[in-house]
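Since the structure comes first, as structure tokens, the remarks are kept for the end.
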Amino acid sequence: MGTVTDYVLEELRLFRMGFGLSQDDFGRGIGYSGSHVSSVETGGRPPTKEYMRAVDTHHQTGGRFLRMLDGLARLDAEPAWLREWIEFEREATTLRWFELAYVPGLLQTERYARATLAGGRFDAEDVDRIVAARLERQAILHRPRPPQLIAVLDEAVLRRPVLDQPGLMVEQCEHLAQLAAAEHIQVHIVPTDAGMYLGMGGQFIIAELPDGERVTYADNQLTAQIVDAPTDVAKLAKTWEIVRNEALPRRQSTELIKEVAKSWAC
Numbered sequence: 001m002g003t004v005t006d007y008v009l010e011e012l013r014l015f016r017m018g019f020g021l022s023q024d025d026f027g028r029g030i031g032y033s034g035s036h037v038s039s040v041e042t043g044g045r046p047p048t049k050e051y052m053r054a055v056d057t058h059h060q061t062g063g064r065f066l067r068m069l070d071g072l073a074r075l076d077a078e079p080a081w082l083r084e085w086i087e088f089e090r091e092a093t094t095l096r097w098f099e100l101a102y103v104p105g106l107l108q109t110e111r112y113a114r115a116t117l118a119g120g121r122f123d124a125e126d127v128d129r130i131v132a133a134r135l136e137r138q139a140i141l142h143r144p145r146p147p148q149l150i151a152v153l154d155e156a157v158l159r160r161p162v163l164d165q166p167g168l169m170v171e172q173c174e175h176l177a178q179l180a181a182a183e184h185i186q187v188h189i190v191p192t193d194a195g196m197y198l199g200m201g202g203q204f205i206i207a208e209l210p211d212g213e214r215v216t217y218a219d220n221q222l223t224a225q226i227v228d229a230p231t232d233v234a235k236l237a238k239t240w241e242i243v244r245n246e247a248l249p250r251r252q253s254t255e256l257i258k259e260v261a262k263s264w265a266c
């Protein structure tokens, strides 16, 4: 498994090849030599802001590669387990995500993301950094070939108020309903009347990778655990199926989200 930096360099290489350009021709367009392009793509020379800006400007990417570079800088401050999980998340073809307490990070608004970090555990600078990194991760849902995201949320996630933040839950629920209309995003809600169910043991995510391998992620107040042992993954996959069966169908779930959004607006 490569590093996040390797992922960015591979994106650069695939971008160039997508135009059918040699390294010399690509370099000529952005004002660099072919050997420089080769050195960047192979990791021999780090991509600079100037290099990424030149790629973005010449190919009119809207700042795509410069944002990737900025994302790398932010990730350097993240714990190793999170950097590792983000790699799996970006490679995944399917993400199965169960949340008991919060809206999944990939589906959060900026205001909601900030609210999840309130309470004094993080200082203002840390909050800004974590929120920026979280929003950057959401880019995988908007790329040309996004992963299939299947999210199951407990209804309590939608009903829990955020004190002193008027309009926040309206905004978040409306955002969630809008995203749920996308073909590659499914959101299912476990209704309150489901009572006690297996998902109350805690949040987890199962990422399915291009080669069929599955990796799981679960966290708590202090740390997180990434598991790829087949027997453990199989146990969580079974839990997923049980929890998923407790949830409402897609259409009914979206209707419930919209109803809750209206209730917050009252």
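According to full-length UniProt numbering, numbering within the sequence shown proceeds without interruption in unit steps and concludes at 266. Heads up, the beta-carbon is just placed ideally off N, CA and C, and yes, glycines get one too.
Go ahead and label residue i buried or exposed: buried means 16 or more other beta carbons lie within 10 angstroms of its beta carbon, across all protein chains shown.
| i | result |
| --- | --- |
| R25 | The amino acid occupying residue 25 in the given sequence is Asp; Arg does not appear at that position. With fewer than 16 Cβ atoms within 10 Å of its Cβ, D25 is classed as exposed. |
| S253 | buried |
| G120 | exposed |
| F98 | buried |
| A114 | One detail in the question is off: residue 114 reads as Arg in this sequence, not Ala. Buried, because 16 or more other Cβ atoms sit within 10 Å of the Cβ of R114. |
| M1 | Interpretation of M1 is limited by its pLDDT of 39, a score under 50 that renders its predicted location unreliable; the figure taken from the coordinates is listed afterwards. So M1 ends up on the exposed side. |
| R16 | buried |
| Q172 | buried |
| I86 | buried |
| T216 | buried |
| E125 | exposed |
| A229 | exposed |
| Q23 | buried |
| A151 | buried |
| A234 | exposed |
| A265 | exposed |
| E50 | exposed |
| R182 | It should be pointed out that residue 182 corresponds to Ala in this sequence rather than to Arg. The residue in question, A182, is exposed, as its Cβ has fewer than 16 Cβ neighbours within 10 Å. |
So, residue i versus residue j, is the Cβ gap smaller than 9 Å?
| i | j | result |
| --- | --- | --- |
| Q138 | L100 | no |
| I185 | Q148 | yes |
| V103 | L117 | no |
| F204 | L236 | yes |
| P47 | F19 | no |
| I140 | R96 | no |
| S38 | G29 | no |
| E136 | G71 | yes |
| Q165 | R251 | no |
| A207 | T94 | yes |
Going by DSSP in three states, residue i sits in which element: helix, strand or coil?
| i | result |
| --- | --- |
| T48 | coil |
| R121 | coil |
| V190 | strand |
| D154 | strand |
| A237 | helix |
| L100 | coil |
| Q148 | strand |
| T216 | strand |
| F19 | coil |
| A177 | helix |
| L14 | helix |
| A207 | strand |
| T94 | strand |
| E246 | helix |
| T61 | coil |
| D164 | coil |
| M196 | coil |
| G202 | coil |
Roughly how far, in whole angstroms, is the beta-carbon of residue i from the beta-carbon of residue j, given that I think they are within contact range, below 8 Å?
| i | j | result |
| --- | --- | --- |
| V157 | A247 | 12 Å between Cβ atoms; not a contact. |
| E41 | L9 | 6 Å |
| H188 | T109 | No, H188 and T109 are not in contact; Cβ-Cβ is about 20 Å, not under 8 Å. |
| F88 | L209 | 7 Å |
| L198 | V243 | 6 Å |
| V260 | R159 | 7 Å |
| Q257 | A177 | Here residue 257 turns out to be Ile, not Gln, going by the sequence shown. Going by Cβ atoms, the distance from I257 to A177 rounds to 5 Å, so yes, they are a contact pair. |
| T192 | E155 | 5 Å |
For the alpha helix (DSSP H) containing residue i, list its first residue and its last residue.
| i | result |
| --- | --- |
| F26 | Q23 to I30 |
| E183 | Counting along the chain, E183 falls outside any alpha helix (DSSP H), and DSSP gives it neither H nor E. |
| L256 | R250 to A265 |
| G34 | G34 to E41 |
| T116 | E110 to T116 |
Taking Cβ positions only, does residue i come closer than 9 Å to chain B?
| i | result |
| --- | --- |
| W85 | Among the chains in the structure shown there is no chain B, since it carries only a single protein chain. |
Counting along the chain, where does the beta strand (DSSP E) carrying residue i start and finish?
| i | result |
| --- | --- |
| Q225 | A224 to V227 |
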